[in-house]
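Have a look at the structure below before the remarks.
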C-alpha cells in the first residue's frame, strides 16, 4: 500500500500520533507481560507476532520520578528496516525507496545482433523482502545459474550490483565478468580516475599535469608524493585527494582504488557504451513482467506464496515470448507487414482499454441499480 492509502486507516491527527503510539506501546507491553506465563497463549503465533512487534518497535524507558519503566515507541530512525511491517504478513520488509512488501531480482539472456535477434528469456527469479540490499543478490544469482548450467560469460548489471567486491568474486570464483558502472563518488572532488596512470597503477601526473616527485609501492597499493609548494598554490587543492604531510603532499591509494579508477575511465569509452546499452533491455522486461502478469500487485501473502506466484508468472511470460518468437521465425515480418502489425497492435491496445472502461461502468451500474430499485419500492 502507498502512504496515501495507509492514511485512510489513520484515526488521529498528526499532532496526536506520537502520544497515540506511546499508548499503543504501553498496551502491547501490558499484553505481553500479562500472557507471557500462560503457555496456551505463549505458543500462539499471534502472541509471537505481538512479542516481535514490541521487541522491534518499542523500548522501555525509566521515568525520572519513579523507578518504574514505561513503554514508548522507538524513534523512526531506530526501527530496523527488517522489522514487522504488517501483522498479517510477517515476512514483508520495508525500503524507504520501495515501501513495504517484497522485491524480485530478475535476470535474462540477450543477443547483441539487432538484425537476427535470438529468443530472450527470464533465466533467474529471486524473491526477497523489500529491506534487502541489491548488492547481496548478485553472487547468489550467478550460483543459481551455474547450478542449472546457464551461467553467462558476461553479466550486465546496475551500479548497485557492481561493487568492487562483487566484480572480483564473480570473476575469481565463478569466471563471470560483471559489467557495471562504478558507483559515483563526490562529483565536486577529484578522484584517482582523473589522474594519469601507468599499466601498474602508478601515477604519472595529476589532473593539472604535474608529475609526482616520488611514487612508492606499499603493501596495499601506492603512495605518491607531490611537491608541497606546487600543491598548496594549486587552485584545485581543496578538491584534490592529496593530503598535506611534513615533507610533501601525499596521495595514498589501494589496489581497489586502481580497479575503480580503471572502471571509471573505461566507462567513457565507446566500447563500454556499446556493450552496456543492452542493459536497458531488462527494464523493458520488468515493465512487461508487471504489465502482462500484474506481479507488482499480488493477492497473496507470505514469502512462500509470493515466491511461487512470481516464479509462475515469469514462466508464463517466457511462454508468451517463446510463442511470439516462433511466430516471427515462421512468418518473417516484411516492411509492409510490419506497418500493418503495428497498426493492429495499436488497435488491440485501444480496444482493450475501451472494453476495460466499459466493464468498470457495468460493474458500477450493477451496484447502483439495486439501490435505486429498493428506493423506488419504498416510495410506492
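In the numbering used here, the protein residues as written are 2 to 381. C-beta atoms are modelled at their ideal positions from N, C-alpha and C, and glycine is treated no differently.
- According to DSSP, residue pairing for residue 104 in a beta bridge involves 129.
- Beta-bridge partners of residue 215 (DSSP): 226.
- Spatial neighbours of residue 105 in its own chain (CB-CB distance under 6 Å, excluding positions within 5 residues in sequence) are listed in chain order as 128, 311.
- Taken through DSSP and simplified to helix, strand or coil, residue 255 comes out as strand.
- Cβ neighbours of residue 258 within its own chain (closer than 6 Å, five residues either side excluded): 193.
- Per the C-alpha coordinates, the member of 285, 79, 175, 313 positioned closest to residue 111 is 285.
- Annotated as distal: residue 227 and residue 205, with beta-carbon spacing of 9 Å or more.
- For the pair residue 37 and residue 50, the Cα-to-Cα distance works out to about 13 Å.
- The continuous beta strand (DSSP E) containing residue 156 extends over residues 155-157.
- The three-state secondary structure of residue 249, taken from DSSP, is coil.
- Residue environment: residue 185 is assigned as exposed (fewer than 16 neighbouring CB atoms within 10 Å of its CB, all protein chains considered).
- Less than 9 Å divides the Cβ of residue 54 from the Cβ of residue 88.
- Per the DSSP secondary-structure output, residue 72 pairs in a beta bridge with 61.
- Looking at the DSSP output, residue 148 shares a beta bridge with no other residue.
- For residue 179, the enclosing beta strand (DSSP E) covers residues 178-180.
- Residue 264 sits buried, since 16 or more C-beta atoms from the chains shown fall within 10 Å of its C-beta.
- Here residue 163 is buried, its C-beta having at least 16 other C-beta atoms within 10 Å.
- Annotation for residue 94: the continuous beta strand (DSSP E) segment containing it runs 94-96.
- Straight through space, the alpha carbons of residue 27 and residue 40 are spaced by roughly 22 Å.
- Here residue 270 carries a coil assignment [DSSP, helix/strand/coil].
- Of the candidates 246, 58, 56, 73, 73 places its Cα closest to the Cα of residue 64.
- According to the DSSP assignment, residue 82 belongs to no alpha helix (DSSP H), since it is labelled neither H nor E.
- Under the three-state reduction of DSSP, residue 199 is assigned to coil, being neither helix nor strand.
- Boundaries of the alpha helix (DSSP H) around residue 288: 282-294.
- Between residue 91 and the set 290, 151, 97, 301, the nearest pair of CA atoms involves 301.
- Taking the Cα of residue 189 as reference, the smallest distance to any Cα among 225, 169, 238 is reached at 238.
- Rounded to whole angstroms, residue 79 and residue 308 show a C-alpha spacing of 29 Å.
- Its Cα nearest to that of residue 130, the residue 304 stands out among 318, 355, 304.
- Leaving aside the five residues that flank residue 171 on each side, the residues in its chain whose CB is nearer than 8 Å to its CB run, in chain order, 139, 140, 143, 156, 177, 178, 179.
- With contacts defined as CB atoms closer than 9 Å, residue 253 and residue 225 qualify as a contacting pair.
- Put simply, of 29, 100, 62 the residue whose alpha carbon is nearest the alpha carbon of residue 47 is 29.
- Each residue's CA atom was taken as its position, placing residue 278 and residue 58 some 44 Å apart.
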